[in-house]
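Top to bottom, those sequences are chains E and U. Numbering of the first sequence is given in my numbering, commencing with residue 1 and proceeding in unit increments. Numbering of the second sequence is given in my numbering, commencing with residue 1001 and proceeding in unit increments. Note that the Cβ used here is the ideal one computed from N, Cα and C, for glycine as well. The structure displayed is predicted, hence computed values, not measured ones.
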Amino acid sequence: MTVVLNRRGLMFGAAIVSGATAWPALAQDGFDRPPEAPPVPTPLPLAIEQTRLANGLRVVVLPRPGAPRTAVRLIGEGGWLRDPAGKDGLAEVALSMLAQGAKRDGEEMESADIAYAGDLLGLPLRLELTPSTAEIVLEALPDQCDDAVNLLADLTQRPLLAFEALEHIRSRALDALVLRRADALLLAPWAARRQFRGRAQPVQTSASLKRLKRDDVLGFHRQYWRPERAVLLFAGDLSLQTARGLAEDFMGGWRVAKLPPPGPTPAVSLPAAAPTPAVAQFLPLSQGQGCRLIVQTPVPRGTPPALRELARTLMHQRLAARLPWAWESEMESLGGALCWRLSVTLPASAVPEQLALLREQLPLLAAEAVTPEDLALAQALTQGEWEFQLADAPDAVLAQALAAGELDDCVQWPQRVRAVSAPVLQLLMASSWRDTRTHLLLLGDAGPPEPAQRAWPGLALTTMRAVIGE
Amino acid sequence: MTVPSLEPQRLPNGLLWLARPVAGTQAAVRVVYRCGGRDDPTGRSGLTHLVLRLVAGASRYLAPGQFNHLIAAAGGRSVIEIDEDFAALQTVVPAQQLERVLWAEAERMSNPRLEPDTLATAKLQLRQAVQAPRLNPYARLDLAVQRSGYLTHPYQRGALGDPEQLKDLDVDAVRAFHAGRFGCDRALLVITGAFDEAAVARWVMHYFGSIRPPMPAAASFLPSSASSSAASLASPPASPPVSPSAASSTSSTSSAALPASASAPAPGDLRESRRPQSQTLKLSLAQAPLPAAALVWQVPRADDPSTPMWQLAHALLGLGRSGRLTDTLVDEKALAHQLSLRLDAHRDAGLLIAQALAAHGQTAAPVAQALQQEVLRLADEPVTDEELNKAKALLRRQTLSDDWTADRLARFLGTAWAVRGDAGAPARDMAAWMKLSGADVQQFWRKQVVQAPVLTLLADIGAAAGVAA
Chain E
1 MTVVLNRRGL MFGAAIVSGA TAWPALAQDG FDRPPEAPPV PTPLPLAIEQ
51 TRLANGLRVV VLPRPGAPRT AVRLIGEGGW LRDPAGKDGL AEVALSMLAQ
101 GAKRDGEEME SADIAYAGDL LGLPLRLELT PSTAEIVLEA LPDQCDDAVN
151 LLADLTQRPL LAFEALEHIR SRALDALVLR RADALLLAPW AARRQFRGRA
201 QPVQTSASLK RLKRDDVLGF HRQYWRPERA VLLFAGDLSL QTARGLAEDF
251 MGGWRVAKLP PPGPTPAVSL PAAAPTPAVA QFLPLSQGQG CRLIVQTPVP
301 RGTPPALREL ARTLMHQRLA ARLPWAWESE MESLGGALCW RLSVTLPASA
351 VPEQLALLRE QLPLLAAEAV TPEDLALAQA LTQGEWEFQL ADAPDAVLAQ
401 ALAAGELDDC VQWPQRVRAV SAPVLQLLMA SSWRDTRTHL LLLGDAGPPE
451 PAQRAWPGLA LTTMRAVIGE
Chain U
1001 MTVPSLEPQR LPNGLLWLAR PVAGTQAAVR VVYRCGGRDD PTGRSGLTHL
1051 VLRLVAGASR YLAPGQFNHL IAAAGGRSVI EIDEDFAALQ TVVPAQQLER
1101 VLWAEAERMS NPRLEPDTLA TAKLQLRQAV QAPRLNPYAR LDLAVQRSGY
1151 LTHPYQRGAL GDPEQLKDLD VDAVRAFHAG RFGCDRALLV ITGAFDEAAV
1201 ARWVMHYFGS IRPPMPAAAS FLPSSASSSA ASLASPPASP PVSPSAASST
1251 SSTSSAALPA SASAPAPGDL RESRRPQSQT LKLSLAQAPL PAAALVWQVP
1301 RADDPSTPMW QLAHALLGLG RSGRLTDTLV DEKALAHQLS LRLDAHRDAG
1351 LLIAQALAAH GQTAAPVAQA LQQEVLRLAD EPVTDEELNK AKALLRRQTL
1401 SDDWTADRLA RFLGTAWAVR GDAGAPARDM AAWMKLSGAD VQQFWRKQVV
1451 QAPVLTLLAD IGAAAGVAA
């Protein structure tokens, strides 16, 4: 027998059968609207703890009671912004070489031994390079943290940095370069930075990689892996006292010679480098189908991180509603200079229409009034994203803040986000995305250039050599 | 090791639900329908994907865009997932917002707007998703793995679908498919995070217990890929709906034995043909920067008892920086620039895919040969206890990490239920690896891989690609 019941009728029937006679939820009038939004609890700042060893090493702990594993991360200052002029790629090569060989108790560990030691902890060792930092990341069970810190100490204090390893890593870096230049998604961030900041932005080329010598790597390592310029970060179920003990045991004896005379000049002085005048470029790539579209605009130096994030979030919401594609957005800080970037991948056939729409809508969306509802939406999303990231990878959140010199903002994030007012947010948004300050870059297959050029006047064809340098 | 019980409860309308607490500040809600690309009717590839977009798009009390706004205003995020085996909607919010999400998910499940206007929007979205251009220069190789890796199974088609096959689809056909495949009795609701378990039980009963079960007649609507295909695929009748009258003789929630968890194929399973012999296909990737190769072996369905063995062998070869493949082919011999070994386990059949990008100066064939040798070598070169323990440590961490956040656990449980027929299967796998020895793995490998036919895909570049098929 088929009995047709509407939702409410069936709910009553089931409740009677189950013997539930008076559930509070039954008092609800119907199912036509959601239950009232609960009050938002007052979030607490992050309770990080920190100390310094006698040799200057900074130890930072984010206690996570009950966490089954502990993330351990050693952060040095050798990010890719430190690449010397003409030797773009040195920071990446120097970091990769750390995992190619080291000494422990006088015995040599080969790359396979190092890989094995990392894997034995349950998660492979990771090497991460950011604009301002080089990082080695491990994760361990609470009772294996000593093994993790010991391995980090071996790699940074006693690396072999052998000639053969340099050749192996160089060869891999050259292959990676070939892949990057053929794949619009991989190429996009580098080409976009070069477009935005001009030649001040380091970008690897085969020539710059071939130029690297072992002495360059040794010098770079000596200059940037130093206890007084490093941070040992823990996130897990451990106290500051335990973390300090581990640091003392394996890194307390980390001594280095006095800072050597300055090495080759870094290619970049980004804090001083002003963004280039707005340009629109189309770099065709023969591989793949479709096109990566990137627009960028400068953001005033010194804009607080919470304000930046609220602006990015609100603009992202507006853009996705008006131009419904899978947009990505970020605000990148390079040595204090800020760039707001929006990217999307489009089929070639959609490029002209979306370009025209984007050109028309960007300034309008940015200039729209920020209502209290807009602010509340952006605040909720920003706060929610922070909590999501903290749950997923707390050490990565802190490392990113440390790298950007924004640890205080990160720790006080909920308070900083709530402190932003609608007029301030409006001011930042309205000053961004003006025609004269918006850069456009198309990478890949956007079809014949004329329709795109009609949609975005001034769009000029360019070449890999003009953008990347070779 | 104790394996926690992960048996879902069944509501009177047939909906299964499962709640697991996770420490933290968030809660996740995942609704999984055991219907994926494999269930698309022949000639209508992408219909499941389309219906999922309709379910996610608008409902009686949620206008288009309103669900997303509700979640955003709560500080949450929401995604839809289409797979060969399942379709899922997942939302993560601050834990205090959980009740509102449960209301919204129940609303999307019970009252989706299947109308001409929402259908047109969903078709456009699907076209965008499918057209989302393949910028990766190796996309053709990935496609070839899927299309040639499976011989007769609908997994060949993937899950996204073909917009051209849906162009003339009308709303009645969509409603019929939705009624047969997206009923609450074919779904699992997973709730994870920081919550009061009694409150969650009340909310589930209140918001989801009131959803009307599908009509018995809804099962026959469109021919499925299996029933209308001439291939060697069995017919998949829809699982019978639980009628309210039947439910009235039981308690409001009852423990439910999950369907299709046995190793014998259950009704509705599609079968894949065995590859008769090894085969080599050449692809032309004239514009790709480095040659590439892929080797593909068939593996059994995901709920096969041998799955833990496959997982452990996969870990020995391909997990971590010290996995045998990377250690030998990238670091020692420098033949490959990049390697991956993927165990693609699905409800009806699976693939083991070893893929390599050749290092500069190499061509695809020698890389494929070295890759094959290295995979087969697992059968002969002894596995030390140390190596075995390392592989188990990697696997164990991978599995346990899925318990750490509400988002991951909801995805993990929902996927295990949809693909394995049992949300607790991964925990049992873990118990099984612990008992396996290196000799067990080698014996298994000799039988299942060394003697099995393999598909080799060679993707050369430039002049070497001239002979490609």
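Endpoints, the alpha helix (DSSP H) within which residue i is located
{"i": "H221/E", "result": "214–224"}
{"i": "D413/E", "result": "Inspection of the sequence shows that residue 413/E is occupied by Trp rather than by Asp. Per DSSP, W413/E belongs to the alpha helix (DSSP H) from 413–419."}
{"i": "R1202/U", "result": "1197–1203"}
{"i": "I1211/U", "result": "Run containing I1211/U: none; DSSP gives neither H nor E here."}
{"i": "K210/E", "result": "206–210"}
CB of residue i within 8 Å of CB of residue j, strictly
{"i": "A378/E", "j": "A430/E", "result": "no"}
{"i": "G1438/U", "j": "L1400/U", "result": "no"}
{"i": "A1194/U", "j": "P1021/U", "result": "yes"}
{"i": "G79/E", "j": "Q204/E", "result": "no"}
{"i": "L174/E", "j": "L209/E", "result": "yes"}
{"i": "R1030/U", "j": "G1414/U", "result": "yes"}
{"i": "K1333/U", "j": "L1458/U", "result": "no"}
{"i": "G447/E", "j": "S349/E", "result": "yes"}
{"i": "P131/E", "j": "L334/E", "result": "yes"}
{"i": "R312/E", "j": "S286/E", "result": "no"}
{"i": "L362/E", "j": "V299/E", "result": "no"}
{"i": "S96/E", "j": "T297/E", "result": "no"}
{"i": "G1320/U", "j": "L1341/U", "result": "no"}
{"i": "D1085/U", "j": "V1419/U", "result": "yes"}
8 Å Cβ cutoff, residue i in contact with chain U
{"i": "Q289/E", "result": "yes"}
{"i": "Y116/E", "result": "yes"}
{"i": "V72/E", "result": "no"}
{"i": "H439/E", "result": "no"}
{"i": "L323/E", "result": "no"}
{"i": "G444/E", "result": "yes"}
{"i": "H316/E", "result": "no"}
{"i": "A27/E", "result": "Unreliable placement is indicated for A27/E, whose pLDDT of 32 sits below 50; the coordinate value is still reported in the next sentence. No, because no Cβ of chain U sits closer than 8 Å to the Cβ of A27/E."}
{"i": "P45/E", "result": "no"}
Three-state secondary structure assigned by DSSP to residue i
{"i": "W190/E", "result": "helix"}
{"i": "R1301/U", "result": "coil"}
{"i": "K1476/U", "result": "Nothing in the structure corresponds to residue 1476/U, since chain U is present only between 1001 and 1469."}
{"i": "F1067/U", "result": "helix"}
{"i": "H1346/U", "result": "coil"}
{"i": "Q157/E", "result": "helix"}
{"i": "V1450/U", "result": "helix"}
{"i": "L1341/U", "result": "strand"}
{"i": "S96/E", "result": "helix"}
{"i": "H1360/U", "result": "coil"}
Residue i: first and last residue of the uninterrupted beta strand (DSSP E) it sits in
{"i": "V1419/U", "result": "Here V1419/U belongs to no beta strand (DSSP E), and DSSP marks it neither H nor E."}
{"i": "W340/E", "result": "337–346"}
{"i": "L285/E", "result": "Premise fails: L285/E is in no beta strand (DSSP E) and is neither H nor E."}
{"i": "I75/E", "result": "70–76"}
{"i": "L238/E", "result": "That residue, L238/E, is in no beta strand (DSSP E); it is neither H nor E in DSSP."}
{"i": "E1099/U", "result": "No beta strand (DSSP E) contains E1099/U, which is instead part of the alpha helix (DSSP H) from 1098–1110."}
{"i": "T1152/U", "result": "Element bounds for T1152/U: n/a, residue is neither H nor E."}
{"i": "K87/E", "result": "Counting along the chain, K87/E falls outside any beta strand (DSSP E), and DSSP gives it neither H nor E."}
CB contact below 8 Å: residue i versus chain E
{"i": "H1153/U", "result": "no"}
{"i": "D1327/U", "result": "yes"}
{"i": "E1107/U", "result": "yes"}
{"i": "L1343/U", "result": "no"}
{"i": "K1167/U", "result": "no"}
{"i": "V1092/U", "result": "yes"}
Please list the residues of the stretch 236–247 of chain E that have a C-beta atom closer than 9 Å to any C-beta atom in chain U, keeping them in chain order. Hits within the stretch: zero.
Name the residues in the stretch 378–406 of chain E whose C-beta lies less than 7 Å from a C-beta of chain U; which are they? Result list: A380, L381, Q383, G384, E387, F388, A391, D392.
Contacting positions in the stretch 1303–1329 of chain U - beta carbon closer than 7 Å to chain E: Per Cβ criterion, the list reads G1320, R1321, S1322, D1327.
Pull out every residue of the stretch 204–228 of chain E whose Cβ sits closer than 8 Å to any Cβ of chain U, in chain order. For the stretch 204–228 of chain E, no residue has a beta-carbon sitting nearer than 8 Å to a beta-carbon of chain U.
At a CB distance below 8 Å, what residues from the stretch 1007–1029 of chain U approach chain E? Give them in sequence order. Listed by position along the chain: L1011, P1012, N1013, A1023, G1024, T1025, Q1026.
Under 8 Å, CB to CB, which of the residues in the stretch 178–196 of chain E have a partner in chain U? Along the stretch 178–196 of chain E, going in chain order, the ones with a CB nearer than 8 Å to a CB of chain U are V178, L179, R181, A182, D183, A184, L185.
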